[in-house]
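Worksheet: one structure, shown below.
Residue numbers (the working numbering): 1 to 573.
Structure representation (structure tokens):
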């Protein structure tokens with residue numbers, strides 16, 4: 001029987017979606033399966049541009065259907081911006097190869113400033129380009145200072161006719177070789193400060209758009225391009241002033257959420273390969289999976305992956321239910337980007353320790369998974385940047401809960417319009433959250449959930465009695481260790497909420513929380529060893545260390561689920 005918690009192309013039927021969404025998701029799976037594993041791997045190894053895939057997506061109207069909000073859909077009933085089905089497609093793309101996901105991901109980023117704009121001409125142009133199967137690009141980062149948008153060197157000089165001439169370079173811009181529309185961030189030469197920011201639409205085919213190179217050795221075209229006296233007409237301007245700055249940050253809010261489900265897809269495909277190989281590999285007369293340490297590593301990998309899926313699925317609900325008075329998604333979003341993607345690295349590493357040299361072989365998906373999984377924690381802001389962002393929410397989340405109506409599971413065919421009217425990108429410290437304790441209380445009969453709850457309560461004590469002082473608050477190294485502890489509390493919370501909504505097997509849940517208890521203890525020990533940790537903080541850190549509750553029968557039952565993955569899926573040759 002197929003594992004119901006993991007994506008399996010053999011049994012995949014997204015029946016919870018509307019008919020056209022189901023058709024497109026299934027058609028995408030079938031396209032990859034028909035292409036076969038050898039062709040998929042060869043395209044990856046040869047760094048082939050994704051022309052065949054983009055032709056398929058254009059023929060099916062895949063990007064146009066999934067990435068055109070209802071406000072720009074001209075009455076087309078199936079077109080909407082629906083985070084639930086976008087997440088499902090992220091997972092499929094990750095399962096078959098991150099190169100395919102990347103072309104889609106940077107199209108999402110390129111569309112962000114357009115769909116946030118009041119420029120109806122640009123919006124209509126974007127909708128038409130999508131319907132033609134074009135991809136998009138997000139021209140934000142620059143070689144000299146990355147995504148530091150305060151320091152952009154893309155300069156727009158007024159041309160005297162209400163438009164501008166743009167000159168400057170952008171670096172690390174996906175789809176920069178082929179985008180029908182590139183959303184470019186720059187600043188005016190005649191206006192100082194934030195009022196001078198401009199987001200404008202450029203065309204990669206224009207003679208004043210110069211493609212320099214692909215900066216990576218990959219099918220992903222991550223470009224450097226330069227504009228030389230590029231004409232920017234009034235109808236090309238998407239945002240000006242502070243609104244351009246907010247559009248940049250709010251676009252990243254929308255886009256970076258996609259990294260978590262791509263990571264999940266990568267891990268799922270790699271897990272089928274790894275467990276199958278380990279089960280069939282005979283060492284010293286026994287299957288590799290007969291060794292206790294192998295069972296532990298594969299079980300840990302499995303429950304971590306389940307946790308990734310539970311957290312991400314629940315975060316979708318908060319994204320889709322967000323509004324001006326409910327911005328809780330602004331915590332759960334960097335959590336998916338930072339926590340879920342780093343969990344993905346751990347999942348791959350655990351499996352790689354088991355399959356060893358097999359993970360390098362050129363005829364495996366695992367070889368590319370082991371490479372590509374590294375990129376996701378480093379895109380759309382580093383782990384450190386997102387941990388620092390998460391810390392802004394810690395006080396209110398842990399200590400100052402507010403009342404909210406329960407957020408239901410959101411798989412309805414609705415347009416997530418708020419994502420393109422998020423408003424000013426500030427005020428994070430004032431955002432309130434529902435009481436995290438309720439999720440833990442619902443499962444306090446599980447010993448390891450109860451144990452992580454003890455550690456979470458201890459973190460509340462830390463915040464109130466041993467929090468970093470003013471000088472320590474400038475020590476990012478110390479703060480990041482605290483951020484890891486807080487992230488685990490939030491990670492556990494949404495996992496438990498989703499477990500309750502889906503009636504998750506409690507053996508799997510408690511086995512997962514045994515892993516999280518170990519993680520929390522490891523981060524507490526790390527905090528203890530920080531250079532600037534005070535004596536009180538050191539004492540607190542050691543007092544927060546806990547041993548998970550061991551249950552060999554529970555672990556054996558979860559192992560049976562893992563073992564059943566052997567042979568459950570192999571991509572068509």
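For every residue, glycine included, the Cβ atom is placed at its ideal position computed from N, Cα and C.
Range of the contiguous alpha helix (DSSP H) that encloses residue i
i, result
"residue 523", "506-528"
"residue 398", "394-399"
"residue 570", "Looking at the DSSP string, residue 570 is not in any alpha helix (DSSP H), and its letter there is neither H nor E."
"residue 619", "Here the chain covers residues 1 to 573 and nothing more, so residue 619 does not appear."
"residue 312", "292-320"
"residue 385", "383-391"
"residue 20", "19-35"
"residue 102", "98-115"
"residue 450", "447-465"
"residue 11", "Unbroken run through residue 11: none, as it is neither H nor E."
"residue 134", "Where residue 134 is concerned, there is no enclosing alpha helix (DSSP H), given that its DSSP letter is neither H nor E."
"residue 345", "341-355"
"residue 366", "366-372"
"residue 376", "Note, residue 376: premise wrong, no alpha helix (DSSP H); not H, not E."
"residue 471", "Note, residue 471: premise wrong, no alpha helix (DSSP H); not H, not E."
"residue 440", "437-441"
Residue interval of the beta strand (DSSP E) (run including residue i)
i, result
"residue 227", "222-232"
"residue 331", "Per DSSP, residue 331 belongs to no beta strand (DSSP E); it is in the alpha helix (DSSP H), 329-335."
"residue 172", "164-174"
"residue 212", "209-214"
"residue 542", "Premise fails: residue 542 lies in the alpha helix (DSSP H), 535-543, not in any beta strand (DSSP E)."
Cβ neighbours of residue i in the same chain (closer than 8 Å, five flanking residues each side left out)
i, result
"residue 287", "278, 279, 280, 281"
"residue 459", "398, 485, 486, 489, 544"
"residue 434", "328, 401, 402, 403, 404"
Contact set for residue i: own chain, Cβ-Cβ below 6 Å, skip 5 residues either direction
i, result
"residue 83", "316, 319, 320, 416"
"residue 436", "493"
"residue 70", "80, 415"
"residue 443", "449, 496"
"residue 514", "448, 548"
"residue 377", "341, 342, 383"
"residue 520", "455, 488"
"residue 145", "151"
Residues that DSSP places opposite residue i in a beta bridge
i, result
"residue 239", "199"
"residue 139", "184"
"residue 283", "286"
"residue 326", "323"
"residue 146", "142"
Among the options, nearest to residue i - alpha-carbon criterion
i, options, result
"residue 4", "487, 309, 54, 362", "309"
"residue 154", "197, 113, 112", "197"
"residue 447", "396, 305, 516, 390", "516"
"residue 422", "253, 299, 177", "253"
"residue 479", "322, 158, 386, 117", "386"
"residue 18", "536, 437, 490, 410", "410"
"residue 326", "336, 21, 401, 443", "401"
"residue 549", "533, 531, 451, 74", "451"
"residue 338", "284, 524, 102, 263", "263"
"residue 440", "453, 431, 566, 408", "453"
"residue 212", "168, 195, 231, 181", "168"
"residue 413", "297, 21, 144", "21"
"residue 98", "87, 295, 375, 566", "375"
"residue 246", "573, 9, 419", "419"
"residue 234", "560, 379, 202", "202"
"residue 226", "64, 377, 210", "210"
"residue 431", "297, 214, 330, 207", "330"
"residue 300", "558, 143, 187, 117", "558"
"residue 256", "503, 9, 105, 551", "105"
heavy atom of the ligand FMN below 7 Å from residue i C-beta
i, result
"residue 297", "Absence of the ligand FMN is noted for the structure shown, with no ligands found whatsoever."
Cβ distance (whole Å) where residue i is taken to contact residue j below 8 Å
i, j, result
"residue 311", "residue 336", "7 Å"
"residue 125", "residue 72", "That pair is no contact at about 10 Å."
"residue 185", "residue 244", "7 Å"
"residue 303", "residue 563", "Residue 303 to residue 563, Cβ: 14 Å. No contact."
"residue 62", "residue 107", "About 11 Å; that fails the 8 Å criterion."
"residue 178", "residue 204", "6 Å"
"residue 25", "residue 92", "7 Å"
"residue 222", "residue 149", "No, residue 222 and residue 149 are not in contact; Cβ-Cβ is about 19 Å, not under 8 Å."
"residue 565", "residue 271", "6 Å"
"residue 130", "residue 67", "6 Å"
"residue 109", "residue 138", "4 Å"
"residue 216", "residue 171", "Contact doesn't hold; Cβ gap of about 11 Å is too wide."
"residue 229", "residue 165", "5 Å"
Residues near residue i by beta carbon distance below 7 Å, same chain, minus five either side
i, result
"residue 526", "481"
"residue 554", "507, 510, 511"
"residue 528", "538, 541, 542"
"residue 501", "409"
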